[in-house]
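Chemist:
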Amino acid sequence: MEESRLLVKGSTPPPLDREFTVIGKPINRRDAVDKVKGKAKYAGDIKLPGMLYGKTLHCPYPRARITKLDTSRAEKLPGVKAVLSKENTQGWRTSCREGEGKYALEGDICYDLNDVKDFDNTWKVGISTGTGAMAYSY
Amino acid sequence: MADGNSQALSKKYIVLTVNGKQIEAEVDCRITLAEFLRNELELTGTKVGCNRGECGSCTVVLNGKLIYSCVQLAVEASGRDVQTIEGLETNGRLHPLQESFIEYDGLQCGYCTPGMIMATKHLLDTNPEPKEGDIRKVIEGNLCRCGAYQNIIEATMDASRKMVQEEGAT
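In the order they appear, the protein sequences are chains A and B.
Heads up: the first sequence begins at 884 in the numbering used here, then just goes up one per residue.
Heads up: the second sequence begins at 2 in the numbering used here, then just goes up one per residue.
Listed below in structure tokens is the structure:
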């Protein structure tokens, strides 16, 4: 409080004898032209040669434990290059976790709450490209 | 669920007009108009936000009607006329709405912008002097997570004034 009162002490500074070129003037966004034309490229608009498409399959049950993963049907689907799970990605690094020395998909994939015993689902997984058809049973 | 291999990829031959240009293509029956525009024609100005007809970023004009291209099949557009954001510029000149969106900061991230502009353009085509309520009504199916709504409305009002003035001058 003491400081702020000090700040407003004294008389108004004299007006500047020059015009600012930026301050006090409206300015158009430099990316606006591309955006209103639909020309701006977002991540989903970019196609790279040989690019693959991925789809994450989340556990459909809250607080469920994954006891088994069966990806065999998914792997046989036409167009599928790989199905990644904790079974085949041990030691894979992710950039965001690198600092902590942790690895991608280490341990359970999702919703692993060890203290919850109500659900004990065997979760069969199928992933295809494109429309993302998936099959699971429990 | 049907076995993966039994999903026969049935193809259909379609002819349609996109931004005044006649397009002939053989498309997979199950692809949406948005996918067709973005992946086949590389018109990525039409965005796909939710891909389920809720967010409006995929809005295009089909035979003079505003539609969500993510819930319309490409084959349904056969024999019809599609207008997308890429078709608004004429001879290198921005559409008045595009100019006003820039001037009035009707966007931040810009992802809803093509849909917003198509929706408001359709409004101005059918009602050159809309009231604020008319604009609110027409963009009710377009979500803007940056919250630029007020500026979008002001930009549309401004474009309307400019277009009416230009119309009067010619």
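Yeah, the Cβ is synthetic: ideal placement off N, Cα and C, and Gly gets one too.
#1: Would you give the residue range spanned by the alpha helix (DSSP H) that Arg900/A belongs to?
#2: So, at 6 Å on beta carbons, what are the nonlocal neighbours of Ile917/A in its own chain, with the 5 sequence-adjacent residues on each side left out?
#3: Determine, for Arg901/A, whether the minimum Cβ-Cβ distance to residues of chain B falls below 8 Å.
#4: Give the straight-line distance between the Cα atoms of Gly134/B and Pro115/B, rounded to the nearest whole angstrom.
#5: Should the segment 16-32 of chain B be called in touch with the segment 79-93 of chain B, which here means at least 3 C-beta pairs below 8 Å?
#6: Out of Leu74/B, Asp159/B and Leu124/B, state which residue places its alpha-carbon closest to the alpha-carbon of Asp29/B.
#7: Express the C-alpha separation of Gly21/B and Ile136/B in angstroms, rounding to a whole number.
#8: Using DSSP bridges, identify the partner residues of Asp29/B.
#9: Is any beta-carbon of chain B found at less than 8 Å from that of Gly937/A?
#10: For Asp156/B, which residues of its own chain have a beta-carbon under 6 Å away from its beta-carbon, when the five flanking residues on both sides are left out?
#11: Classify Pro943/A as buried or exposed, calling it buried when 16 or more other Cβ atoms lie within 10 Å of its own Cβ.
#12: State the Cα-Cα distance for the pair Lys12/B and Ile32/B, rounded to the nearest angstrom.
#13: Please go through the segment 33-120 of chain B and give each complete alpha helix (DSSP H) segment of 4 or more residues, from N-terminal end onward.
#14: Would you check if the segment 898-910 of chain A and the segment 88-98 of chain B touch, i.e. whether three or more CB-CB distances between them fall below 8 Å?
#15: Could you tell me whether the Cβ of Asn971/A comes closer than 8 Å to any Cβ of chain B?
#16: Since Val919/A is in the alpha helix (DSSP H), which residue starts that stretch and which ends it?
Modeler: A quick look at the data gives this:
#1: Locating residue 900/A in the first sequence gives position 17, counting from the first residue. Residue identity check: residue 900/A is Asp in the sequence provided, not Arg. Unbroken run through Asp900/A: none, as it is neither H nor E.
#2: Counted from its first residue, the first sequence places residue 917/A at position 34. Going by the sequence as given, residue 917/A is Asp instead of Ile. If we look at Asp917/A and ignore the five residues flanking it on each side, its Cβ neighbours are Ala923.
#3: Looking up residue 901/A in the first sequence gives position 18. Taking Cβ atoms only, chain B never reaches closer than 8 Å to Arg901/A, which makes this a no.
#4: Stepping through the second sequence from its first residue, residue 134/B is reached at position 133. Stepping through the second sequence from its first residue, residue 115/B is reached at position 114. When only Cα atoms are considered, Gly134/B and Pro115/B end up about 21 Å apart.
#5: Taking 8 Å as the limit for Cβ pairs, the verdict is that the segment 79-93 of chain B does touch the segment 16-32 of chain B.
#6: Your numbering for residue 29/B matches position 28 in the second sequence. Here the closest residue by C-alpha is Leu74/B.
#7: In the second sequence, counting from the first residue as 1, residue 136/B sits at position 135. In the second sequence, counting from the first residue as 1, residue 21/B sits at position 20. Their Cα atoms are separated by approximately 26 Å.
#8: Mapped onto the second sequence, residue 29/B falls at position 28. BP columns for Asp29/B point to Lys12/B.
#9: In the first sequence, counting from the first residue as 1, residue 937/A sits at position 54. Output row for Gly937/A: interface = no.
#10: As a working note, residue 156/B is residue 155 in the second sequence. In the sequence on display, residue 156/B carries Ala and not Asp. Excluding sequence positions up to five before and after Ala156/B, its CB lies within less than 6 Å of the CB of Ser101, Phe102, Tyr105 and Gly107, all in the same chain and listed in chain order.
#11: The residue labelled residue 943/A in the question sits at position 60 within the first sequence. The Cβ neighbour count for Pro943/A, taken over all protein chains shown within 10 Å, is under 16; the residue is labelled exposed.
#12: Locating residue 12/B in the second sequence gives position 11, counting from the first residue. Locating residue 32/B in the second sequence gives position 31, counting from the first residue. Spanning the two alpha carbons is a distance of roughly 10 Å.
#13: Secondary structure remark: continuous alpha helix (DSSP H) runs of at least 4 residues inside the segment 33-120 of chain B, in chain order: 97-104.
#14: Contact fails: fewer than three Cβ-Cβ distances are below 8 Å.
#15: Mapped onto the first sequence, residue 971/A falls at position 88. No - not a single Cβ of chain B is within 8 Å of the one on Asn971/A.
#16: Taking the first sequence and counting its residues from 1, the one referred to as residue 919/A is at position 36. For Val919/A, the uninterrupted alpha helix (DSSP H) run begins and ends at Ala915 to Lys920, by DSSP.
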